[in-house]
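Residue numbers (our numbering), protein chains in the order written: chain X, 1 to 308; chain Y, 1 to 270. Quick reminder that beta carbons are idealized off the backbone N, C-alpha and C, glycines included. All values derive from a computational prediction rather than experimental measurement.
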Amino acid sequence: MLETKVNSSLCTFIGSIKLERPTILASGILGISLDVFNRIYHAGAGAVVTKSLSKEPWEGYANPTIFSVKGDGWLNAVGLSNPGAPNFAKMIESNKDVPIIVSLVGSIEDDFEFMIKQFENTKVLAYELNLSCPHVAKVGLEVGDDPELVKKIVKTVKSSTDVPVIAKVGLGTTNYLDTVDAACKAGIDAITAINTLRAMAIDVETKRPILSNKIGGLSGTPIKPIAVRCVYEISSQHKIPIIGCGGISSWDDAIEFILAGASAIQIGSAVGDNWIQVFDEINKGILQYMEKNGFSKIEEMVGLAKKF
Amino acid sequence: MQRNSNHPTICKIEKVVDETPTVRTLTFSDDVLSNVLPGQFAMVWIPGVNELPMSVMVSEEKGKAAFTIRKYGEASTALYNVKVGEPIGIRGPYGNSFRIKEGKLLLVGGGTGLVPLMRLLTGIKPSDDVTLIMGAKTQSEVFFEDYANKLLDHNTHQVIVATEDGSYGQSGLVTDVMDNLCQNTKFDAVYTCGPELMMSKVVKIATLKEMFVQASLERMMKCGVGICGSCCVNDDLVCKDGTIFDGKHLLSKSEFGHTHRNKAGILEAY
Ligand SMILES: Cc1cc2nc3c(=O)[nH]c(=O)nc-3n(C[C@H](O)[C@H](O)[C@H](O)COP(=O)(O)O)c2cc1C
Ligand code: FES
Numbered sequence: 001m002l003e004t005k006v007n008s009s010l011c012t013f014i015g016s017i018k019l020e021r022p023t024i025l026a027s028g029i030l031g032i033s034l035d036v037f038n039r040i041y042h043a044g045a046g047a048v049v050t051k052s053l054s055k056e057p058w059e060g061y062a063n064p065t066i067f068s069v070k071g072d073g074w075l076n077a078v079g080l081s082n083p084g085a086p087n088f089a090k091m092i093e094s095n096k097d098v099p100i101i102v103s104l105v106g107s108i109e110d111d112f113e114f115m116i117k118q119f120e121n122t123k124v125l126a127y128e129l130n131l132s133c134p135h136v137a138k139v140g141l142e143v144g145d146d147p148e149l150v151k152k153i154v155k156t157v158k159s160s161t162d163v164p165v166i167a168k169v170g171l172g173t174t175n176y177l178d179t180v181d182a183a184c185k186a187g188i189d190a191i192t193a194i195n196t197l198r199a200m201a202i203d204v205e206t207k208r209p210i211l212s213n214k215i216g217g218l219s220g221t222p223i224k225p226i227a228v229r230c231v232y233e234i235s236s237q238h239k240i241p242i243i244g245c246g247g248i249s250s251w252d253d254a255i256e257f258i259l260a261g262a263s264a265i266q267i268g269s270a271v272g273d274n275w276i277q278v279f280d281e282i283n284k285g286i287l288q289y290m291e292k293n294g295f296s297k298i299e300e301m302v303g304l305a306k307k308f
Numbered sequence: 001m002q003r004n005s006n007h008p009t010i011c012k013i014e015k016v017v018d019e020t021p022t023v024r025t026l027t028f029s030d031d032v033l034s035n036v037l038p039g040q041f042a043m044v045w046i047p048g049v050n051e052l053p054m055s056v057m058v059s060e061e062k063g064k065a066a067f068t069i070r071k072y073g074e075a076s077t078a079l080y081n082v083k084v085g086e087p088i089g090i091r092g093p094y095g096n097s098f099r100i101k102e103g104k105l106l107l108v109g110g111g112t113g114l115v116p117l118m119r120l121l122t123g124i125k126p127s128d129d130v131t132l133i134m135g136a137k138t139q140s141e142v143f144f145e146d147y148a149n150k151l152l153d154h155n156t157h158q159v160i161v162a163t164e165d166g167s168y169g170q171s172g173l174v175t176d177v178m179d180n181l182c183q184n185t186k187f188d189a190v191y192t193c194g195p196e197l198m199m200s201k202v203v204k205i206a207t208l209k210e211m212f213v214q215a216s217l218e219r220m221m222k223c224g225v226g227i228c229g230s231c232c233v234n235d236d237l238v239c240k241d242g243t244i245f246d247g248k249h250l251l252s253k254s255e256f257g258h259t260h261r262n263k264a265g266i267l268e269a270y
């Protein structure tokens with residue numbers, strides 16, 4: 001058993017959601033199989049987020065869909081390929097142990113209502129509404145950029161389930177803080193910030209964009225300072241629990257997000273760089289930092305940077 | 001330009017060899033891929049079309065590597081049709097490699113599954129006694145027979161060809177040939193690559209006879225590095241934990257030999 005597995009100092013609360021450990025697998029990373037979720041949970045993740053699910057199965061874009069950029073970071077335009085909410089719900093029906101956050105993507109409130117119905121008989125820790133995928137038309141960021149639509153969706157979702165609901169926001173064409181504001185007013189339970197940032201890469205030999213979708217999302221260490229700023233801004237303006245996400249690859253990155261105002265953090269691209277032991281490594285590092293600095297609970301550190 | 005192994009590096013195809021009416025080998029210069037371990041693969045970008053995982057084939061020339069492709073779907077056909085002088089993008093190498101044992105070795109391959117086995121043949125000891133069983137549907141689809149014999153020139157060896165229609169070599173499936181062979185012979189290790197139903201049978205025969213066996217799996221791949229999850233077989237990620245797995249491990253997985261995931265990630269039966 002991992003040492004950090006039963007250490008109560010690592011326990012954290014995202015509103016009413018209790019996590020044994022603050023490190024969460026981000027959406028879209030290894031997120032399509034219950035067996036894999038089990039493995040990642042046992043490797044140290046406090047929870048896992050599924051791939052964003054749509055009403056129907058989606059095949060996504062042709063490859064190339066994921067590669068790293070020179071310097072650092074990853075570029076992806078997978079195109080939200082996923083088995084669809086009904087198939088996925090069946091697949092995780094047998095889940096007993098793993099805290100699973102189900103990520104959903106849709107265009108209108110009815111889409112989300114339909115999908116949530118599929119999970120009625122499944123153990124779900126929370127829903128995460130993907131309002132921020134930057135490379136698929138009519139969903140994700142295009143929804144997040146419309147605060148009125150966000151309000152409608154959050155209201156509908158909140159009235160169709162008792163399970164906590166998280167909104168995942170990103171940087172689009174409208175001020176993301178308006179989206180956060182709309183979600184908060186509609187009764188959202190927590191915010192995840194941020195998603196990937198619209199970006200592209202062009203191969204100079206062939207002179208063409210490398211992603212088949214041409215434009216995709218940048219993730220990994222290059223986006224971390226932007227994500228930290230967003231968490232800091234949201235937490236300065238709202239009394240809402242925040243999950244920090246974007247470029248976290250080590251314990252000090254995680255602490256930085258917590259000091260900015262996050263109660264938990266998500267890890268995505270670092271799985272590609274450091275593989276799944278990254279969860280345990282970060283948990284251990286957080287624990288050592290807490291011991292050294294005299295903290296006994298994660299919540300004692302949340303938002304400490306705001307007092308300056 | 002600095003190389004980043006997870007970012008496509010452009011190479012120009014230098015040589016194209018037809019192995020059969022549907023299989024071709026494309027050779028290019030790349031120091032990194034010329035030195036990969038047996039069984040490792042690269043993600044190969046056909047600009048404007050797609051990107052595919054391809055096992056790296058041996059090239060006789062220093063500093064060169066190759067891919068051997070069967071034209072099948074849109075992407076593999078596009079790669080098959082790349083001409084001399086045209087560019088492809090490569091990233092990698094990815095994946096683990098065969099654990100090469102010593103002594104009496106048995107290799108069982110079908111179609112382009114022979115590629116990693118050819119690379120394996122370049123890593124064996126002169127003292128090893130090697131049997132290679134290669135399968136094809138029909139005579140015109142047999143390839144690498146001469147090349148395998150050449151690579152094994154200094155070893156005690158036999159190369160057995162099996163065709164499903166009996167037009168060349170032994171008639172039947174490679175697994176039938178293997179079954180017969182294993183009635184009287186115990187091998188120190190068995191290595192297999194090819195269609196999964198074939199590999200599943202090879203693993204079962206070898207395990208029944210208590211022989212060490214490894215198989216190289218193939219799955220839909222997007223990232224090749226353990227990010228996207230599209231290549232999972234139960235809780236294993238083929239690109240990261242494999243592509244080569246021990247038979248014993250595979251037999252404990254409910255998906256091996258039974259199902260694979262489609263582009264949407266839905267399990268489909270073989
Ligand atoms: C390949 C890939 C697929 C992703 N798919 C999704 C997705 O389906 N839904 C979602 O909300 N975010 C998705 N993301 C975004 C991540 O969850 C995360 O917000 C982003 O990558 C930033 O975190 P990181 O720097 O730790 O990777 C994806 C990211 C990557 C790299
Ligand atoms: S191909 Fe993406 S995880 Fe294996």
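Kindly indicate which residue of the options has the alpha-carbon position closest to the one of residue i.
i, options, result
"M252/X", "V165/X, E281/X, P83/X", "Residue identity differs from the one stated: residue 252/X is Asp in this sequence, not Met. Looking at the Cα atoms, E281/X is the closest of the given residues."
"F28/Y", "E19/Y, D18/Y, K12/Y, Q40/Y", "K12/Y"
"G166/Y", "G95/Y, Q139/Y, V159/Y, M118/Y", "Q139/Y"
"R39/X", "I100/Y, N234/Y, R261/Y", "N234/Y"
"G113/Y", "Q214/Y, M221/Y, R24/Y, P195/Y", "P195/Y"
"L52/Y", "G85/Y, G224/Y, L237/Y", "G224/Y"
"H260/Y", "T22/Y, G229/Y, L106/Y, D179/Y", "G229/Y"
"L10/X", "Y289/X, G303/X, K307/X, K207/X", "Y289/X"
"I17/X", "K306/X, V154/X, D35/X, P241/X", "P241/X"
"C239/Y", "G110/Y, E60/Y, M221/Y", "M221/Y"
"R341/Y", "V32/Y, F212/Y, A264/Y, Q170/Y", "The structure shown has nothing for residue 341/Y, since chain Y only spans 1 to 270."
"M57/Y", "K137/Y, T25/Y, V49/Y, Y168/Y", "T25/Y"
"E59/X", "T161/X, G79/X, G268/X, H42/X", "G79/X"
"F98/Y", "I227/Y, V213/Y, C231/Y, L237/Y", "V213/Y"
"G48/Y", "E74/Y, L37/Y, F67/Y", "E74/Y"
What is the residue span of the alpha helix (DSSP H) that residue i lies within?
i, result
"Y72/Y", "Run containing Y72/Y: none; DSSP gives neither H nor E here."
"Q237/X", "224-237"
"P116/Y", "114-121"
"A85/X", "85-91"
"C239/Y", "238-241"
"I182/Y", "Looking at the sequence shown, residue 182/Y is not Ile but Cys. Taken as a continuous stretch (DSSP letters only), the alpha helix (DSSP H) holding C182/Y covers 174-184."
"A206/Y", "196-208"
Can you tell me whether residue i sits near ligand 1, meaning its C-beta is under 6 Å from at least one heavy atom of the ligand?
i, result
"I66/X", "yes"
"S54/X", "no"
"T23/X", "no"
"A260/X", "no"
"K83/Y", "no"
"T196/X", "yes"
"I265/X", "no"
"N130/X", "yes"
"V78/X", "yes"
Would you give the residue range spanned by the beta strand (DSSP E) that residue i belongs to?
i, result
"F98/Y", "Unbroken run through F98/Y: none, as it is neither H nor E."
"F37/X", "It is not in any beta strand (DSSP E) - F37/X instead sits in the alpha helix (DSSP H) that spans 34-42."
"V165/X", "165-169"
"H154/Y", "Careful: H154/Y lies outside any beta strand (DSSP E) and carries neither H nor E."
"C184/X", "Careful: C184/X lies outside any beta strand (DSSP E), inside the alpha helix (DSSP H) at 176-185."
"L267/Y", "267-269"
"E19/Y", "15-20"
"Y191/Y", "189-193"
"E51/Y", "50-55"
State yes or no: is the C-beta of residue i nearer than 6 Å to some heavy atom of ligand 4?
i, result
"L132/Y", "By its list of ligands, the structure shown excludes ligand 4, since it contains just ligand 1 and ligand 2."
Nearer than 6 Å: is that true of the beta carbon of residue i relative to any heavy atom of ligand 2?
i, result
"L151/Y", "no"
"L267/Y", "no"
"G39/Y", "no"
"G208/Y", "One detail in the question is off: residue 208/Y reads as Leu in this sequence, not Gly. Not so, every heavy atom of ligand 2 lies at least 6 Å from the Cβ."
"S230/Y", "yes"
"K222/Y", "yes"
Measure the beta-carbon distance from residue i to residue j and round it to whole angstroms, keeping in mind my assumption that it falls under 8 Å.
i, j, result
"I248/X", "I267/X", "5 Å"
- Where the stretch 80-111 of chain X meets chain Y: residues whose CB sits under 9 Å from a CB there: Those would be S81, N82, P83, G84, N87, F88, M91, in chain order.
- Task: Determine which residues of the stretch 227-238 of chain Y have a Cβ less than 8 Å from any Cβ of chain X, and write them out in chain order.
- Result: The stretch 227-238 of chain Y vs chain X, Cβ under 8 Å: I227, C228, G229, S230, C232, N234, D235, L237.
- Item | Where the stretch 86-100 of chain Y meets chain X: residues whose CB sits under 9 Å from a CB there | Those residues of the stretch 86-100 of chain Y that come within reach of chain X (Cβ to Cβ, closer than 9 Å) are P87, G89, R91.
- When you check each C-beta in the stretch 39-63 of chain Y against every C-beta of chain X, which residues fall closer than 9 Å? Residues are counted here when their Cβ sits less than 9 Å from a Cβ of chain X; for the stretch 39-63 of chain Y these are M43, W45, P47, G48, V49, N50, E51, L52, given in chain order.
- Interfacial residues, the stretch 163-177 of chain X to chain Y, with Cβ spacing under 9 Å: Within the stretch 163-177 of chain X, no residue qualifies.
- Item | Selection of the stretch 222-240 of chain X by Cβ proximity to chain Y, strictly under 8 Å | Listed by position, the residues of the stretch 222-240 of chain X near chain Y (Cβ gap below 8 Å) amount to none.
- Message: What are the residues in the stretch 192-223 of chain X lying within 7 Å of chain Y by C-beta distance?
- Response: For the stretch 192-223 of chain X, the residues whose beta carbon sits under 7 Å from a beta carbon of chain Y are, in order, D203, E205, T206, R208, I210.
- Message: To be precise: take each residue of the stretch 269-280 of chain X, compare its Cβ to all Cβ atoms of chain Y, and keep it if any distance is under 9 Å. Which residues remain?
- Response: Listed by position along the chain: S269, V271, G272, D273, W275, I276.
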